[in-house]
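A.B. asks:
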Amino acid sequence: MVGGSIFPNRMIAPQSGEVDVFFATRPGDPAWEVPEAEATQHYRGLFTDCLLKALHTPGVSLVEKLLDGTPPLSGITSRRLKPYLEQQVPLAAAAVNIQLTQQPVVRVETASPKYFALVPSAPLGPEPPRHQHDFTYSYRGNRGKESRGLLIFPSTAQAGYPNPANQVPDPAAVKFAQEVARLRGHPGQLPVETTTGFTLSGAFVEVAVAPGWEVNYPAGSPLASNGHFIQLTPQTGVGEGSPPSGTMLLQFRSGTGTLLAILPGFIGVVLVAENRVLNVNYLPALATARYQAQAVGAAEREKLKALVAVQARYGEFNPPAPLSTWLHGPHGFDPTL
Numbered sequence: 013m014v015g016g017s018i019f020p021n022r023m024i025a026p027q028s029g030e031v032d033v034f035f036a037t038r039p040g041d042p043a044w045e046v047p048e049a050e051a052t053q054h055y056r057g058l059f060t061d062c063l064l065k066a067l068h069t070p071g072v073s074l075v076e077k078l079l080d081g082t083p084p085l086s087g088i089t090s091r092r093l094k095p096y097l098e099q100q101v102p103l104a105a106a107a108v109n110i111q112l113t114q115q116p117v118v119r120v121e122t123a124s125p126k127y128f129a130l131v132p133s134a135p136l137g138p139e140p141p142r143h144q145h146d147f148t149y150s151y152r153g154n155r156g157k158e159s160r161g162l163l164i165f166p167s168t169a170q171a172g173y174p175n176p177a178n179q180v181p182d183p184a185a186v187k188f189a190q191e192v193a194r195l196r197g198h199p200g201q202l203p204v205e206t207t208t209g210f211t212l213s214g215a216f217v218e219v220a221v222a223p224g225w226e227v228n229y230p231a232g233s234p235l236a237s238n239g240h241f242i243q244l245t246p247q248t249g250v251g252e253g254s255p256p257s258g259t260m261l262l263q264f265r266s267g268t269g270t271l272l273a274i275l276p277g278f279i280g281v282v283l284v285a286e287n288r289v290l291n292v293n294y295l296p297a298l299a300t301a302r303y304q305a306q307a308v309g310a311a312e313r314e315k316l317k318a319l320v321a322v323q324a325r326y327g328e329f330n331p332p333a334p335l336s337t338w339l340h341g342p343h344g345f346d347p348t349l
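Note that our numbering gives residue 300 to position 288 of the sequence shown, counting from 1, and the numbers run on in steps of one.
#1: So, using beta-carbon positions, are L272 and M260 closer together than 7 Å?
#2: Pull up the DSSP beta-bridge partners for E76, would you.
#3: Hey, A36 and P132: beta-carbon distance below 7 Å or not?
#4: To the nearest angstrom, report how far apart R313 and V320 are at their CA atoms.
#5: Span of the beta strand (DSSP E) holding A285?
#6: Taking the CB atoms as reference points, tell me whether V33 and F59 lie closer together than 7 Å.
#7: Out of curiosity, what's the CA-to-CA distance linking L67 and Q111?
#8: Determine which residues share a DSSP beta bridge with R119 and list them.
#9: Applying the 10 Å Cβ sphere with the 16-neighbour rule, what's the burial state of S266?
#10: Nearest CA to the CA of P223: which residue from P246, T208, G214, G209?
#11: With 16 as the cutoff for other CB atoms within 10 Å, does L130 come out buried or exposed?
#12: To the nearest angstrom, report how far apart E191 and T69 are at their CA atoms.
#13: Measure the C-alpha to C-alpha separation of Q144 and K315 and round it to an integer number of angstroms.
#14: Name the two residues that bound the continuous beta strand (DSSP E) containing F264.
#15: Let me check one thing: in DSSP terms, what residues is Y294 bridge-paired to?
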């Protein structure tokens, strides 16, 4: 018996040096960057942009003291850059276009005192903004695989970014923004005690039929020229304690009409243009507990819903799974999503 065969003494290969790896996106996913020769004022490398911002104006959380300097040096390590880039790159992509998703991959092997970059002793910059984007979203009417959005920075933007004053408005972009704004504008609210009903804008209602429901038109509706407030209450003996969902038939003065789902506890905001229903948006009624819960993040949620509705109308929207989950939410703010 040979002892070496029982306890083999294998040769250990020389270890490779520590290497930090930075990938702009996950393997197989697109990285929203283009060669400089092909770049325009509407495009830039998101990963590179976030990395350069971290080096030029680092926040306090990015800088750490290095132990091997005399006097001690301040630097940015790869270990600090990793969470920063993983957070900022997806936010930068969403700011350009809510459809864009880019998640960088950073593998860190080095540790202090090794560093990515040294930081001068000048005062540190502020922390990077979180979920706040000062931009104007514009729609690009062309079709194809390229991005449908462009980012217009405010006039106070840093040098090197496009100046909105030098940009010619795209008619398709203006129309898109107007349609999104129209869907976001709610003409008013039904009386506080209303738990189920509809707000219609853009058409007069001649006939409204809702089996199992009493149809009322509250007085003093703040709608201006053409529109209606429709207040629905369950008929006596129908759905005691928990009124069932139903259907309402509407006929407009023009002769056209539509069928609408009656969802107890929700107010449907119906927008009509050129005798055609453009959008139906359900919101929790003021008199329900769900209304208080949906108030948190309501403005951003309604903005995204309007954006999705307009893009879907043009056949341009393919929402990523995280966006669909966020829009639906755990509280059922809009059961039609």
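Glycine is no exception: its CB is placed at the ideal position from the N, C-alpha and C atoms.
C.D. replies: Here's the rundown:
#1: Locating residue 272 in the sequence shown gives position 260, counting from the first residue. Locating residue 260 in the sequence shown gives position 248, counting from the first residue. Their beta carbons are under 7 Å apart, which means L272 touches M260 by this criterion.
#2: Counting from 1 along the sequence shown, the entry for residue 76 is found at position 64. Answer by DSSP bridge pairing, in chain order: G87.
#3: Stepping through the sequence shown from its first residue, residue 36 is reached at position 24. Stepping through the sequence shown from its first residue, residue 132 is reached at position 120. No, Cβ-Cβ distance for A36 and P132 is not below 7 Å.
#4: Residue 313 sits at position 301 when you count from the first residue of the sequence shown. Residue 320 sits at position 308 when you count from the first residue of the sequence shown. Distance between the alpha carbons of R313 and V320 is about 11 Å.
#5: Residue numbering aside, residue 285 sits at position 273 when the sequence shown is read from its first letter. Run containing A285: 278 to 285, per the beta strand (DSSP E) assignment.
#6: The residue you call residue 33 lines up with position 21 of the sequence shown. The residue you call residue 59 lines up with position 47 of the sequence shown. Not a contact, by the Cβ cut-off of 7 Å.
#7: Position 55 of the sequence shown, counted from the first residue, corresponds to residue 67. Position 99 of the sequence shown, counted from the first residue, corresponds to residue 111. Spanning the two alpha carbons is a distance of roughly 28 Å.
#8: To locate residue 119, count along the sequence shown from 1; it is residue 107. In the DSSP output, where bridge partners are listed per residue, R119 has V33.
#9: Here the question's residue 266 lines up with position 254 in the sequence shown. Classification of S266: exposed, given that the 10 Å Cβ count is below 16.
#10: Numbered from 1 along the sequence shown, position 211 holds the residue referred to as residue 223. The shortest Cα separation from P223 among P246, T208, G214, G209 belongs to P246.
#11: Within the sequence shown, numbered from 1, the residue matching residue 130 stands at position 118. Under this definition L130 is an exposed residue.
#12: Here residue 191 refers to the residue found at position 179 of the sequence shown. Here residue 69 refers to the residue found at position 57 of the sequence shown. Approximately 38 Å, taken between the alpha carbons.
#13: For this step, residue 144 is matched to residue 132 along the sequence shown. For this step, residue 315 is matched to residue 303 along the sequence shown. Reliability of the predicted coordinates at Q144 is poor, the pLDDT of 42 falling under 50, and no value is obtained from them.
#14: Translated into the one-based positions of the sequence shown, residue 264 becomes position 252. Per DSSP, the continuous beta strand (DSSP E) segment holding F264 begins and ends at 258 to 264.
#15: Within the sequence shown, the letter at position 282 stands for residue 294. The partner list for Y294 (beta bridge, DSSP) reads G280.
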